[in-house]
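Count the sequence shown with my numbering and you get residues 8 to 297, in order.
Worksheet for the structure shown next.
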Amino acid sequence: MESKIKKRILVIDDDENIRQLLTHMLTKQGYTIIEASDGLEGIEKLKSELPDMVMVDVNMPVMDGFEFCEVVSSLSFEKYIPVMIMTAQDDQESVNKAYDKGATDFITKPINLAKLNHRLRFSLRASETAEKLASRERQLLSAQKIAKLGEWIYDIGKNEFQFSEEVANIFGIDKELKISYENLMRFVDDNDADRIREIIGGKITDDGDYSVEYTIKTDDGESKRIRQIIDVSINDPGKVFGIFQDITDLRDAEKKVNTLSFYDSVTGLPNRQFFKRLLKKQYHLLKVMN
8 MESKIKKRIL
18 VIDDDENIRQ
28 LLTHMLTKQG
38 YTIIEASDGL
48 EGIEKLKSEL
58 PDMVMVDVNM
68 PVMDGFEFCE
78 VVSSLSFEKY
88 IPVMIMTAQD
98 DQESVNKAYD
108 KGATDFITKP
118 INLAKLNHRL
128 RFSLRASETA
138 EKLASRERQL
148 LSAQKIAKLG
158 EWIYDIGKNE
168 FQFSEEVANI
178 FGIDKELKIS
188 YENLMRFVDD
198 NDADRIREII
208 GGKITDDGDY
218 SVEYTIKTDD
228 GESKRIRQII
238 DVSINDPGKV
248 FGIFQDITDL
258 RDAEKKVNTL
268 SFYDSVTGLP
278 NRQFFKRLLK
288 KQYHLLKVMN
């Protein structure tokens, strides 16, 4: 077994003899078995028990294996659950249909225990890998949300941007919206627009990484300070990759620190540090002039 913790398998088949046989065989292999007699009962057991894997027969009353796979594909679970379809020997049509409906593997009847054991081990290992990847993706998305950072891709030939969810949040637009370079520029503050056009226009065909900072205004009138990193890769000359980061809070904090350092918090007038810095600048200026 891949883990000391017993893996739980949901077996769905209207034939009680098949269920008992599989339960007997798989229990001896160290699995914990949950049984259901049709697809509808299987859905309920799937929701309540959250097994590590499902084995489901194709032909059953009430809800068959195809319908079961279709329903499972439409549901959302807190973990990845692979579904193995059980079908008759050489029934390739059913296998193809099951894959189309969302099944991840199949086994033919009569079931060979050695072959089944290998299939289960492989499917469960793949499930664990998929769950680790999904967990890392969730962590990455969470980190991006905290950092107010998201990625984008620009297709030069199509003149089309695609955004991550966090970029959509920054700009206040629909994530599924694909906008052109010109449409993106409409968000850029008028004071920065010419500079940004010149910088991005000159760099978009050059290989390398570039960073630029500017202000945008969302459709609801909110101003945000943005850092945009551009990555032009020679490996994919038709596309430009990069990130947007909302650094509004960072810049506001820097301004506040500067204000507290050089201005009196009560009167708002320049403090001693301000005058010391001013005198130092004047002193260096006089030395240069002399």
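Here a beta-carbon is modelled for each residue, glycine too, at the ideal position from N, C-alpha and C.
1) According to DSSP, simplified to helix, strand and coil, what is ALA200?
2) Please report the residue range of the beta strand (DSSP E) in which GLN252 lies.
3) So, at 7 Å on beta carbons, what are the nonlocal neighbours of THR30 in its own chain, with the 5 sequence-adjacent residues on each side left out?
4) Pick out the complete beta strand (DSSP E) segments inside the segment 129-193, 3 residues or longer, and give them in chain order.
5) What residues are listed by DSSP as bridge partners for ASP231?
6) Just checking my contact of ALA121 with GLY72 at CB under 8 Å: how many whole Å lie between their CB atoms?
7) On the three-state DSSP scale, how would you describe THR266?
8) Buried or exposed, going by whether 16 or more other CB atoms sit within 10 Å of the CB of ASP4?
9) Note down, in chain order, each residue of its chain lying with its Cβ closer than 6 Å to the Cβ of ILE163, except the 5 sequence neighbours on either side.
10) Please report how far the alpha carbon of THR115 lies from the alpha carbon of ILE25, in whole angstroms.
11) Check for me: the beta strand (DSSP E) holding ASP112 runs from which residue to which?
12) Just the C-alpha distance for PRO68 and TYR38, rounded to the nearest angstrom, thanks.
13) Taking 8 Å as the threshold, find out whether the segment 137-148 comes into contact with the segment 226-236 through three or more Cβ pairs.
14) If you run the structure through DSSP and keep just helix, strand and coil, what is GLU9?
15) Select from GLU189, TYR188, MET192 and GLN169 the residue whose C-alpha is nearest the C-alpha of ASP181.
16) So what does DSSP say about LEU82, is it helix, strand or coil?
17) Run through DSSP, which three-state label would ILE236 get?
18) Taking the straight line between their C-alpha atoms, what separation do you get for ASP22 and SER80?
19) In this structure, how does DSSP classify ILE25 when only helix, strand and coil are distinguished?
20) Decide if ILE153 is buried, meaning its Cβ has at least 16 other Cβ atoms within 10 Å, or exposed.
21) So which of LYS231, ILE203, TYR161 and ARG284 has the shortest CA-CA distance to SER187?
22) Rounded to whole angstroms, how far is the Cβ of MET91 from the Cβ of SER130, which I believe are closer than 8 Å?
23) Leaving out five residues before and five after ALA110 in sequence, what residues of the same chain have Cβ atoms less than 6 Å from its Cβ?
24) What's the gap between the Cα of LYS262 and the Cα of GLU56?
25) Can you give me the C-alpha to C-alpha distance between GLU189 and ALA200, rounded to a whole angstrom?
26) Go ahead and label GLN146 buried or exposed: buried means 16 or more other beta carbons lie within 10 angstroms of its beta carbon, across all protein chains shown.
27) In the DSSP assignment, what residue or residues form a beta bridge with ARG15?
28) Going by DSSP, what residue range makes up the beta strand (DSSP E) through ASP64?
29) Spatial neighbours of ARG234 within its chain, please: CB distance less than 6 Å, with the 5 preceding and 5 following residues excluded, ordered by chain position.
30) For PHE90, report the span of its beta strand (DSSP E) as first-last.
Result, derived from the coordinates:
1) Helix, per DSSP.
2) Counting along the chain, the beta strand (DSSP E) containing GLN252 begins and ends at 246-253.
3) VAL18, ILE40 and GLU42, listed in sequence order.
4) Scanning the segment 129-193 from its first residue to its last, the whole beta strand (DSSP E) runs of 3-plus residues come out as 156-162 and 167-170.
5) The amino acid occupying residue 231 in the given sequence is Lys; Asp does not appear at that position. Answer is ILE223.
6) Incorrect: roughly 23 Å between the Cβ atoms, too far for contact.
7) In the structure shown, THR266 falls within a helical segment according to DSSP collapsed to helix, strand and coil.
8) No statement about residue 4 is possible, as the shown extent of the chain runs from 8 to 297 and does not include it.
9) These residues qualify, in order along the chain: GLY245.
10) When the Cα atoms are used, THR115 and ILE25 turn out to be separated by approximately 13 Å.
11) Counting along the chain, the beta strand (DSSP E) containing ASP112 begins and ends at 112-116.
12) Across the structure, PRO68 and TYR38 are spaced so that their CA atoms are roughly 27 Å apart.
13) Look at the beta carbons and you see the segment 137-148 not touching the segment 226-236: under three pairs across the two are nearer than 8 Å.
14) In this prediction, GLU9 scores a pLDDT of 46, lower than 50, which makes its location untrustworthy; the coordinate-derived value is nonetheless stated afterwards. The DSSP-derived three-state label of GLU9 is coil.
15) Per the C-alpha coordinates, the member of GLU189, TYR188, MET192 and GLN169 positioned closest to ASP181 is GLN169.
16) In the structure shown, LEU82 sits in coil (DSSP, three-state: anything other than H, G, I, E or B).
17) ILE236 carries a strand assignment under DSSP once its states are collapsed to helix, strand and coil.
18) For the pair ASP22 and SER80, the Cα-to-Cα distance works out to about 24 Å.
19) Of the three classes helix, strand and coil, the one that applies to ILE25 here is helix, per DSSP.
20) Classification for ILE153: exposed.
21) The residue with the shortest Cα to Cα distance from SER187 is TYR161.
22) Your pair MET91 and SER130 checks out as a contact, with CB atoms roughly 6 Å apart and the cut at 8 Å.
23) Taken in chain order, the residues that qualify are CYS76, VAL90 and ILE92.
24) Between the alpha carbons of LYS262 and GLU56 lies a distance of about 54 Å.
25) Their backbone Cα atoms lie some 11 Å apart in a straight line.
26) Around the Cβ of GLN146, a 10 Å sphere holds fewer than 16 other Cβ atoms; the residue is exposed.
27) By DSSP's assignment, ARG15 forms a beta bridge with THR39.
28) It spans 60-64 - the beta strand (DSSP E) in which ASP64 sits, taken as one unbroken run.
29) Within the same chain, ARG234 has close Cβ partners GLU220, GLN252 and ILE254.
30) The sequence given here places Val at residue 90; Phe does not occur at that position. In the DSSP assignment, VAL90 falls within the unbroken beta strand (DSSP E) covering 90-95.
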